[in-house]
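Worksheet: the structure to be examined is printed underneath.
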Amino acid sequence: MNLLQGKWPRLATLLAVLVAAALVFLAWERYTRTPWTRDARVRADVVTLSADVSGLITRLPLSDNQPVEKGELLLSIDPARYELAVLRAERAVNVARAALGESRAAIEASQAQVRQRRSEAQRRSALQKRSMLSVEENEKAQTDVSLAQAELLRNQASLGLA
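Positions 1 to 162 (the UniProt record's numbering) are the ones given, in order, by the sequence shown.
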């Protein structure tokens, strides 16, 4: 017990020094790694950057760790890849527009056919009531109306997919 009493002040001092060193290290780490300022200026010595598009670098006018100014050209990327992607996207848009136009035209044609079939069914129904047309012919006209309506619904559904 006597040995421990003589070493206690040294251990306490060593522990206090270690805790103080750890606090200094944590404070230094926080203030050097995290940008902060009192006068609203943030400065970075080295920054990471990335491009919006991928491609081969064709021109790199800067050297490593060279200071740059805002708006200065950092590198040039070969535009062939993204120009090709733009052309493909434009073609896809044109194909989609054409499909949309076809779907709309098919819907208009189906609507006209439904109107025509209804008109024909009404005429046949009137003729059948006056016994001038068979029941079978009248039923066929009603079936034609149903088929035209089904075609219209199919075209409207395909427009929803276009």
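Glycine included, every Cβ here is placed at the ideal spot set by N, Cα and C.
Starting from R91, follow the alpha helix (DSSP H) in both directions and report where the run begins and ends.
-> Its alpha helix (DSSP H) spans residues A80 to K129.
Check whether the stretch 112-129 touches the stretch 65-75, counting contact only when three or more Cβ pairs, one atom from each stretch, lie closer than 8 Å.
-> With the cut-off at 8 Å, the stretch 112-129 and the stretch 65-75 do not touch.
Is the stretch 55-73 close to the stretch 88-96, with three or more CB pairs under 8 Å?
-> Contact between the stretch 55-73 and the stretch 88-96 is absent: fewer than three C-beta pairs spanning the two stretches fall below 8 Å.
What do you get for N155, buried or exposed, if any count of 16 or more other CB atoms within 10 angstroms of its CB means buried?
-> Classification for N155: buried.
Quick one, are the C-beta atoms of A110 and A148 less than 9 Å apart?
-> Correcting the residue type first, residue 110 is Ser in the shown sequence and not Ala. S110 is a Cβ neighbour of A148, given a cutoff of 9 Å.
Would you mind reading off the limits of the beta strand (DSSP E) that contains T58?
-> That run of the beta strand (DSSP E) goes I57 to R59.
Decide if L152 is buried, meaning its Cβ has at least 16 other Cβ atoms within 10 Å, or exposed.
-> Of the other Cβ atoms in all chains shown, 16 or more fall within 10 Å of the Cβ of L152; this residue is therefore buried.
Note down the Cα distance separating residue 163 from D78, rounded to an integer number of angstroms.
-> The question about residue 163 has no answer, for the chain in this structure spans 1 to 162.
Can you round the beta-carbon distance between R115 and N138 to whole angstroms, since I take them to be within the 8 Å contact cut?
-> Wrong, their Cβ atoms sit about 18 Å apart, outside the cutoff.
Kindly indicate which three-state DSSP category residue 166 falls into: helix, strand or coil?
-> For the chain, the structure presents residues 1 to 162; residue 166 sits outside this window and is missing.
Can you have a look at V145 and say buried or exposed, based on whether 16 or more other CB atoms are within 10 angstroms of its CB?
-> When all chains shown are included, V145 counts as buried.
Per DSSP, cross-strand counterpart(s) of S76 | According to the DSSP secondary-structure assignment, S76 is paired through a beta bridge with R59.
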